[in-house]
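Engineer: Below is one structure. I have some questions about it.
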């Protein structure tokens, strides 16, 4: 619902709001210009003194106005010719034209009425209302995405969809809220929808009729400082029954020209006071600096409109288009999708097509439509659920858990759950797990354990597809590539082989391809990358890329990975036998969840086997500016101690402060990296309590072993890998 | 406000001095030509005062937003800016360089009896111009253009 409220008004109002916002931003300059160019204010001047100064210069003065900015304008007649000017309150001299410039007038008319009359004002008001709706719903979306209002300004993860949109919105939303609210209030006042309680005193019943005194001798005007003045209208010269009409920021009244008495006074009501505040906040007239700040926030509207439109377009593009889909009550398999950004739909479509190929009839729908009673022919229900933020339901699945809890479990129907998430989050696939627990409590038949897909991993998905195929008794090949990668040819320049007897390993270095100007500007291709990002390689004879952690960054001017040969592994076999000068098809995928932070806190790197790749890269890039400690597990010093020479050199030049190697197959002592950690428990506790950040890279089993070991090691100081993850101090890349 | 004359007492119910289709009224055309004063549309209050200079009633209000009526300062003084005074006799504001033509039936008793027709004008962000037109209602004055001061080029009433 929140998304709906954010999306549709946004798309409808985009053009309108861009016009209003640009007009408003341009107008915001004028109060500042006015503040710079207007004559200096005379400190402590009273209205009586000002009136006298102006009257001396222009005896036939009729009216003096003071803008909130402090600019004073006088209006008079020279004989029959009306005159007006901005006045220097010190001397009464004319200092320039009283009328707003043509540009300002045009902009004002554009900004508040699209150069039209009342219809334009209403249209602009509708735009402001939509902007208010979007600011509120957008702020709530941001709070939800960031995991609460407290984390409003927390750093965002790189590569998240709509990152720019969120970044701009977080800065500008306050200004947009204030602009739209005050704008709406002013429109309402213009159309008398709010009570008009501005002071409106009746003209006094009697005026003294005495000969007018000089203005500076009138006590009532002496009592009003110029700083409070809005308007002073002089009595008609030859009419003894007329009086001064004076309006200040708080009210208005009449002053007797003969004796200077305040004849009548009335204060503004609360609505008028509110209007004055709305005017100040909206225009910056009287608060030039605020006006400029607001003026800087408002031009984000076009940028927000464009980036927001792109998000919508991408989501819309990734909607499922499944040919041959059958109705919900006819399908053997019903696939329900809970997607936030739309990517899960792509996976679901791949699964649906594979099942169709295997002869199944399939229905594909959003999880929010869940109603098991309707699936009369279904033998199985497959739910593919993304997670939003910290384990929340995606918007397309609102209420699904409740529906699942309320629904009867149909006989003979099984439920298969697949979660999509990011293992970098403390709660990984949290929403799918909630669905899983709910279904289990209801007694659903669940033949497969809860599957988990990490960061849209095509490998994870293919593996899960094999499990599902085995269960269904069909060969199910799920080859899903979310966005067909645009590959570039990389040429192998250097290779170092480690002749580990049962599983050879190699460090492969490729030449950095030349980036085009466009790639450099947009950061596409290999224009920007860091150790820990992923190199996708398309092996010959396959469309499914394999991913390897990069051991080098862009500044190293080469692309380096560490590869272990897997038995029957298509890609690793091709790479291990790749001759110097040969090429592979490759592309870059950023891996923002596995990057060192920018602090100077110590870095604890833990890895085994080819997991050393990105860790070596981190030593290279981070070692010079912060303490780095590495625990590295290999089989033996002789076979696969990758980067042995570099590690020695880095220890010498101080980039690596501490190195512990654990060998699992050497003579003695035999230990895994997690054993080495336990041996160094004291040192690790010391580092972590001093703010160290931990990064783990390697096989899944090793990563789990490390987590268990660290949980034990850190328990005495009240910390755990989980709590460190929540603080963003524990990153893991396992495979 | 001073008490109105008996003739107007009945008319004051509508606050207008207009008597549609009555025998003792005659059709009158009011024409206001505006200067090119270089601002937004002007608000104009057209009203009549009696021989004693007291407010007798309003004939027309050009400008729809009551919030701004206080800038028609003489009219506002007479009426307390009461929008009910111009209920049903309100039209659009009049742009610079344009003209406003009003056809109405005015009571015969208004002419050659010391009544004065006034027009107050005001424009956003520009000076207020109360009593810009002030012209006695006489049979002889019909068809004679009266020049304005700030916003109004001239004003004519004719039978």
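Protein chains in written order, with the working numbering: chain V, 461 to 1195; chain F, 372 to 530.
Glycine included, C-beta positions come from ideal geometry on N, C-alpha and C.
Determine, using beta carbons only, whether residue 468 (chain F) comes closer than 7 Å to chain V.
Structural biologist: With 7 Å as the cut-off, residue 468 (chain F) does not count as an interface residue toward chain V.
Engineer: Can you tell me whether residue 426 (chain F) is helix, strand or coil according to DSSP?
Structural biologist: Residue 426 (chain F) falls in the strand class under three-state DSSP.
Engineer: If we call anything under 7 Å between Cβ atoms a contact, is residue 635 (chain V) one with residue 754 (chain V)?
Structural biologist: In this structure, residue 754 (chain V) lies closer than 7 Å to residue 635 (chain V) by Cβ.
Engineer: For residue 1095 (chain V), which of helix, strand or coil comes out of DSSP?
Structural biologist: Here residue 1095 (chain V) sits in coil by DSSP.
Engineer: Is there a C-beta anywhere in chain F that falls below 7 Å from the one on residue 652 (chain V)?
Structural biologist: With 7 Å as the cut-off, residue 652 (chain V) counts as an interface residue toward chain F.
Engineer: Starting from residue 568 (chain V), trace the alpha helix (DSSP H) in both directions and tell me its first and last residue.
Structural biologist: It spans 562 to 573 - the alpha helix (DSSP H) in which residue 568 (chain V) sits, taken as one unbroken run.
Engineer: Find out if the Cβ-Cβ distance for the pair residue 782 (chain V), residue 815 (chain V) is shorter than 7 Å.
Structural biologist: Cβ distance not < 7 Å, so residue 782 (chain V) and residue 815 (chain V) don't count as in contact.
Engineer: State the start and end residues of the unbroken alpha helix (DSSP H) segment that holds residue 890 (chain V).
Structural biologist: Residue 890 (chain V) -> alpha helix (DSSP H) spans 890 to 902.
Engineer: Can you pull the DSSP bridge partners for residue 1009 (chain V)?
Structural biologist: Residue 1009 (chain V) is bridged to V:994.
Engineer: Please confirm if residue 728 (chain V) has its CB atom under 7 Å from at least one CB of chain F.
Structural biologist: False, the Cβ-Cβ gap to chain F never drops below 7 Å.
Engineer: Does DSSP put residue 627 (chain V) in a helix, in a strand, or in coil?
Structural biologist: Residue state, collapsed to three classes: helix.
Engineer: What are the residues in the segment 731 to 765 of chain V lying within 8 Å of chain F by C-beta distance?
Structural biologist: Those residues of the segment 731 to 765 of chain V that come within reach of chain F (Cβ to Cβ, closer than 8 Å) do not exist; the list is empty.
Engineer: Does any heavy atom of the ligand SAH sit closer than 6 Å to the C-beta of residue 1086 (chain V)?
Structural biologist: As presented, the structure is devoid of all ligands, the ligand SAH included, so that no description of it is given.
Engineer: Quick check on DSSP: helix, strand or coil for residue 792 (chain V)?
Structural biologist: The answer is coil: DSSP assigns residue 792 (chain V) none of H, G, I, E or B.
Engineer: Bridge partners of residue 525 (chain F), per DSSP?
Structural biologist: Looking at the DSSP assignment, residue 525 (chain F) forms a beta bridge with F:404 and F:518.
Engineer: Using only CA atoms, which one of V:965, V:1031 and V:1075 lies nearest to residue 993 (chain V)?
Structural biologist: The option with the nearest alpha carbon to residue 993 (chain V) is V:1075.
Engineer: Starting from the Cα of residue 975 (chain V), find the closest Cα among V:959, V:510 and V:988 and give me that residue.
Structural biologist: Of the listed residues, the one whose Cα sits closest to residue 975 (chain V) is V:988.
Engineer: I'd like to confirm the pairing. Which residues does DSSP put opposite residue 1158 (chain V) in its beta bridges?
Structural biologist: Its beta-bridge partners are V:1194.
Engineer: In angstroms, rounded to a whole number, what distance separates the CA positions of residue 498 (chain F) and residue 506 (chain F)?
Structural biologist: Using only the alpha carbons, I get a separation of about 22 Å.
Engineer: May I ask you to list, following chain order, the residues of the segment 433 to 455 of chain F that have a beta carbon less than 7 Å from some beta carbon of chain V?
Structural biologist: Against chain V - using a Cβ distance shorter than 7 Å - the residues of the segment 433 to 455 of chain F are 436, 437, 438, 441, 444, 448, 451 and 452.
Engineer: Our contact map puts residue 1160 (chain V) next to residue 1194 (chain V) with C-beta atoms below 8 Å; I'd like the distance itself, whole angstroms only.
Structural biologist: Confirmed, Cβ separation roughly 5 Å.
Engineer: Are the beta-carbon atoms belonging to residue 411 (chain F) and residue 663 (chain V) less than 7 Å from one another?
Structural biologist: Contact: no.
Engineer: Give the straight-line distance between the Cα atoms of residue 912 (chain V) and residue 830 (chain V), rounded to the nearest whole angstrom.
Structural biologist: The alpha-carbon atoms of residue 912 (chain V) and residue 830 (chain V) are separated by roughly 21 Å.
Engineer: How big is the Cα-Cα spacing for residue 549 (chain V) and residue 515 (chain F)?
Structural biologist: Distance between the alpha carbons of residue 549 (chain V) and residue 515 (chain F): 43 Å.
Engineer: Along chain V, in chain order, which residues have C-beta atoms closer than 9 Å to that of residue 409 (chain F)?
Structural biologist: Within chain V, the residues near residue 409 (chain F) are 559, 562 and 565.
Engineer: Since residue 1152 (chain V) contacts residue 1061 (chain V) with CB under 8 Å, what's their CB separation in whole angstroms?
Structural biologist: With 8 Å as the limit, residue 1152 (chain V) and residue 1061 (chain V) qualify as a contact, their Cβ atoms being about 6 Å apart.
Engineer: Does DSSP put residue 691 (chain V) in a helix, in a strand, or in coil?
Structural biologist: Reduced to three states, the DSSP call for residue 691 (chain V) is strand.
Engineer: Which parts of the segment 708 to 792 of chain V are runs of the beta strand (DSSP E), unbroken and 3 residues or longer, counting only runs that do not cross its ends?
Structural biologist: Counting only runs of 3 or more, we get 711 to 715 and 722 to 727.
Engineer: Are the C-beta of residue 496 (chain F) and some C-beta of chain V separated by less than 7 Å?
Structural biologist: At least one chain V Cβ lies under 7 Å of residue 496 (chain F).
Engineer: For residue 535 (chain V), would you say it is in contact with chain F, using Cβ-to-Cβ distances shorter than 7 Å as the test?
Structural biologist: Cβ-Cβ to chain F under 7 Å: yes for residue 535 (chain V).
Engineer: Using a cut-off of 9 Å between C-beta atoms, extract the partners of residue 660 (chain V) located in chain F.
Structural biologist: 441, 447, 451 and 452, listed in chain order.
Engineer: Is any beta-carbon of chain F found at less than 7 Å from that of residue 542 (chain V)?
Structural biologist: It does; some Cβ of chain F falls within 7 Å.
Engineer: Hey, residue 854 (chain V) and residue 867 (chain V): beta-carbon distance below 7 Å or not?
Structural biologist: In this structure, residue 867 (chain V) does not lie closer than 7 Å to residue 854 (chain V) by Cβ.
Engineer: Rounded to the nearest angstrom, how far is the Cβ of residue 1056 (chain V) from that of residue 1155 (chain V), given a contact under 8 Å?
Structural biologist: Right, the Cβ-Cβ distance comes to about 7 Å (below 8 Å), so this counts as a contact.
Engineer: Note down, in chain order, every chain F residue with its Cβ under 9 Å from the Cβ of residue 693 (chain V).
Structural biologist: 444, 499 and 501, listed in chain order.
Engineer: I need the boundaries of the beta strand (DSSP E) containing residue 1078 (chain V), first residue and last residue.
Structural biologist: It is not in any beta strand (DSSP E) - residue 1078 (chain V) instead sits in the alpha helix (DSSP H) that spans 1072 to 1082.
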